[in-house]
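Right under this line is the structure:
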């Protein structure tokens, strides 16, 4: 199969466009070639191109091959859905299988997105012609003649036309079999006396079933199982929903419940996706609620809270409209984008509303305050929005897999932020002009304790007296607490500015430590780890083991699973040598043990099952839970030796379990070497001998019998008792052209041997894969450890190894994302430089980006999350988010220097005091909006939790440090400017301890 089919097909299709890799499996009677394409490839065009390439070599392939199947589906061990049909004692698996084949299978195959439907657990219906060797030898009838006679006497043929003057008749030869009796009575030959030798005289003809090749059970009960594979580019949720609708319609049409037949899905990939979508929706709503609650705490004003709170649904509606025109669907990633952006949707509105409130407190009328308040903050919020959005532009440089995966998330956030900007400059000023109170005095603001901080602090009381009064207050409200915090911040900021060089150096050291921990100490994987409610148990037996032996081992495993309280459904697929058990657990919230703990328990329980290699696999769709080592070379025996050595070394490393070799042991064979001289003496060829022996042992399709509008294959072969033992094989006969009888044992020399059952190839090279489940280390650390254990192995020339699976994608993705981070920073700098008309101030603003890495490192360490694509995406997003606070600060410092003629010290402190509340509000709303996603521990949280944790940790720390570090760096750069102008002033010329009130700050 490898030489005659697999290799020619690989060579033919290797030039197909957008092809990533070719993998093939050559078995005894089949060859499977799997083509993997770049994400986003049009699979319809790819399939058409593959068919064109295959058509060119079709005539070069062996004539006896069946019509090839070219299907577009995900080549994986786990189907998209598994259905189980049961019917009690009244319905045998064969009857149930007939119902599926005749009525259900074709309906499922017609569903858009379904690639393949396989039915297991039932025997195939055949017309079996069980021939007696003694009887055909007695009449000297070759089995090939008998088969040819059956085929030649079962047809309908259009012979021609009879044309008359007024009409035309078609002449049709009718000769099809109409019943099994017709087959039994067909004449095969005649005796010398003229007696017809009928088929029933030579064989037993029966409408029956082939021997079972597989069994299926669900929760220990025999079933007929239906395994559905979907097309690679089809939407899983749409396919599973369509399947469920079709199943429900089929059950109603066939009245299955009334007949006592149950058809239920025992495994459904759509359940996990639907659960993940619901979890994200809950996080979105809860996060939005927390964001609004934070607003109310700060504002304590229903009108103001409503004004900002209404911006969330308004921005989301605008986002949905833009998603509609972009043809983006509501899925896990787009909803995650909305959930991540829910807290940021109000940022622009908060900044605008806070400035409008300050205008009102200054005595300006509502309409004027709304207009001028929005105009003054336009540059700041526009810059903040653009810097957040622009971080997604460099995604064009990452590979298609990452780009397609996070495209929905990125576009959703971009649309949401654009919508929030639009709402902030239109809806918020409008509502402010309606809901702002007519009377707005300093006295009213002071009563709330939070609306006019500068006026409140200008009272003629010292800081100590103020602190004492606040502490002695009978009731410390949130507003009073925040006033106290602002007063504390002013004093601390003054001291920080005094020690700015020390502070900058300390923060720089913290960043260096964080960078080292992030790059060297934190682990790394490709994608986040999800915990689904399913896993698969693989049971491997020695090659050649019978189906009954495999069934006994599976029953032992099923009995163990029946005693595990976390197990909900067990669906078994039993085959010779290799079987699988699909296990579904109860939801994570309803059980005490995680998937890993359940698997560890089962792993200890199956140690006593003899002669079976049992290993466990969790769904591989979202995480690299397995380490793959690919070994390449030519000679399979040499590769096997290397693979055994590698597997032993990996198995000795703590933290690796279920070490397995992707290769079957050689199958025992009886080798029959034809003696060509003896065969020629009898006028026989190797081909004729092989065809005869093949027909007698395995059987050949003699013809097809039409019954009930169905085609049923007619299989002709010897009876089981004539081909049971080695002696029976020696006594098989071959009839010569002269009708002489020759025993097979006279024509061939027999000896026992072994032959490969499967030959794996990847990218046109022979390959054996060693894999192991990682339980202790992440992917990057696991590769490092394993490489250290096998690097001293000596490989023959042209033999080598490489790490496969997600490792290569992880390394390529890491390099691309690091490059994207640098491009993002460069783009943000260019945008800021153009908006602020300065080369230095963008550098000051960008100083907040390294601060976020400190928080990211702390958050990942606390939550024990390794680096992954989601984490890098979060770091890229942070680059655009954390600069927003710095932009607001620098913009306000410029305002005080330009409009109030304040010096840089006074401007820095006034800007910090003035912008403290909007900075805290925007940061807190974003943090609390992310909190439900970061703390989510549901089954699908691995998709979004690492990203949320990254953004949350970076934002919290950078917000705190930005309030002190950015003003310090601003003053520090000012020192350089004065130094180069030779007008440097000492940083310590002012007695900062004496400035207890804002009015005491220096005027110059």
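Residue numbers (my numbering): 23 to 1026. Yeah, the Cβ is synthetic: ideal placement off N, Cα and C, and Gly gets one too.
_With the cut-off set at 9 Å, would you say residue 847 and residue 901 are in Cβ contact?_
At a Cβ-Cβ threshold of 9 Å, residue 847 and residue 901 count as neighbours.
_8 Å CB neighbourhood of residue 37 in its chain, flanking five on each side removed_ = Contacts found: 75.
_Supposed close pair residue 575, residue 621 - CB separation, criterion 8 Å_ = Not a contact, Cβ separation roughly 18 Å.
*Given residue 249, which residues of its chain have a CB within under 7 Å of its CB, disregarding the five upstream and five downstream residues?*
So the list reads 101, 104, 140 and 142, once near-sequence residues are dropped.
*Strand pairing of residue 356, partner residues [DSSP]*: The partner list for residue 356 (beta bridge, DSSP) is empty, contrary to what the question assumes.
*On the premise that residue 310 lies in contact with residue 951, defined as a C-beta separation below 8 Å, what is that separation, rounded to the nearest angstrom?*
Yes, residue 951 and residue 310 are in contact; Cβ-Cβ is about 7 Å, under 8 Å.
_Whole-angstrom distance between residue 751 and residue 775, CA atom to CA atom_ = If you take the alpha carbons of residue 775 and residue 751, they lie about 16 Å apart.
*Taking just the CA atoms, how far does residue 23 sit from residue 31?*
Distance between the alpha carbons of residue 31 and residue 23: 11 Å.
*beta strand (DSSP E) containing residue 637: first to last residue?*
Per DSSP, residue 637 belongs to the beta strand (DSSP E) from 635-639.
*asked:* To the nearest angstrom, how far is the alpha carbon of residue 833 from that of residue 166?
replied: Each residue's Cα considered, the two are about 59 Å apart.
_With the cut-off set at 9 Å, would you say residue 168 and residue 182 are in Cβ contact?_
No, the Cβ-Cβ distance between residue 168 and residue 182 is not below 9 Å.
*Given a threshold of 16 other Cβ atoms within 10 Å of its Cβ, counted over all protein chains shown, does residue 872 qualify as buried or as exposed?*
Residue burial annotation: residue 872 is buried, with at least 16 other C-beta atoms found within 10 angstroms of its C-beta.
*May I ask you to report which of helix, strand or coil DSSP gives residue 281?*
The answer is helix: DSSP assigns residue 281 an H, G or I state.
*Output the residue ranges of the beta strand (DSSP E) runs that lie fully inside the region 808-896 and measure 3 residues or longer, sorted by chain position.*
Within the region 808-896, the complete beta strand (DSSP E) runs of at least 3 residues are 822-825.
_Three-way DSSP call (helix, strand, coil) for residue 182 in this model_ = The DSSP-derived three-state label of residue 182 is strand.
*Pick from 451, 727 and 710 that is closest to residue 757, judged by C-alpha positions*: Nearest of 451, 727 and 710 to residue 757, Cα basis: 710.
*Kindly list the residues whose CB is nearer than 7 Å to the CB of residue 463, restricted to its own chain and excluding five residues on each side of it in sequence; keep chain order.*
Any reading at residue 463 must be qualified, since the residue scores a pLDDT of 37, below 50, and its modelled position is unreliable; no value is offered.
*Please look up how many angstroms separate the CB atoms of residue 449 and residue 336, rounded, as I've assumed it's under 8 Å.*
That pair is a contact at about 6 Å.
*Relative to the alpha-carbon of residue 619, which residue among 601, 594 and 589 has its alpha-carbon at the smallest distance?*
When the alpha-carbon of residue 619 is set against those of 601, 594 and 589, the nearest one is in 589.
*asked:* Which of the three DSSP states is assigned to residue 608 in this structure?
replied: In the structure shown, residue 608 sits in coil (DSSP, three-state: anything other than H, G, I, E or B).
*From residue 644 to residue 891, what does the alpha carbon distance come to, in whole angstroms?*
Model confidence at residue 644 stands at a pLDDT of 42, short of 50, so the residue's coordinates are unreliable; what they give is reported in the following sentence. Distance between the alpha carbons of residue 644 and residue 891: 11 Å.
_Cβ neighbour criterion (16 or more within 10 Å) applied to residue 656_ = Residue 656 should be labelled exposed.
*Is it buried or exposed for residue 369, if we count other Cβ within 10 angstroms and need 16 for buried?*
Buried, since its Cβ has 16 or more Cβ neighbours within 10 Å.
_Report the start-end ranges of each beta strand (DSSP E) in the region 734-796 that is 3 residues or longer and not cut off at the edges._
Taken in chain order, the complete beta strand (DSSP E) segments of 3 residues or longer contained in the region 734-796 are 755-757, 763-765, 770-777, 780-784 and 787-796.
*If we count the other Cβ atoms within 10 Å of its Cβ and call it buried at 16 or more, is residue 585 buried or exposed?*
Counting Cβ neighbours within 10 Å, residue 585 comes out exposed, since fewer than 16 surround it.
*Which value, in whole angstroms, describes the spacing of the CA atoms of residue 288 and residue 238?*
Residue 238 has its alpha-carbon roughly 12 Å from the corresponding atom of residue 288.
*Buried or exposed by the 16-neighbour rule on C-beta atoms within 10 Å, applied to residue 317*: Its Cβ being crowded by 16 or more others within 10 Å, residue 317 is buried.
*Thinking C-alpha only, which one of 708, 851 and 152 is nearest residue 742?*
Of the candidates 708, 851 and 152, the one whose C-alpha sits nearest the C-alpha of residue 742 is 152.
*Considering only residues of the same chain and omitting the five flanking positions on each side of residue 718, which have a CB-CB separation below 6 Å?*
Excluding positions up to five away in sequence, the list reads 165, 740 and 754.
*Under 9 Å between C-beta atoms of residue 59 and residue 42*: In this structure, residue 42 lies closer than 9 Å to residue 59 by Cβ.
_Using only the alpha-carbon positions, how far apart do residue 252 and residue 126 sit?_
Whole-angstrom Cα-Cα distance: 16 Å.
*Under three-state DSSP, which class holds residue 390?*
Helix, per DSSP.
*Write down the C-beta distance between residue 679 and residue 802 rounded to the nearest angstrom, noting that I regard them as a contact closer than 8 Å.*
The pair is not a contact, with the Cβ atoms about 19 Å apart (cut-off 8 Å).
*Could you pull the start and end residues of the alpha helix (DSSP H) that residue 136 belongs to?*
For residue 136, no alpha helix (DSSP H) encloses it; the enclosing beta strand (DSSP E) starts and ends at 136-142.
*Between residue 888 and residue 671, what straight-line distance do the alpha-carbon atoms span, to the nearest angstrom?*
Going by C-alpha positions, residue 888 is about 26 Å away from residue 671.
*How would you write the range of the beta strand (DSSP E) that residue 103 sits in, first residue to last?*
Annotation: the continuous beta strand (DSSP E) that includes residue 103 extends over 103-108.
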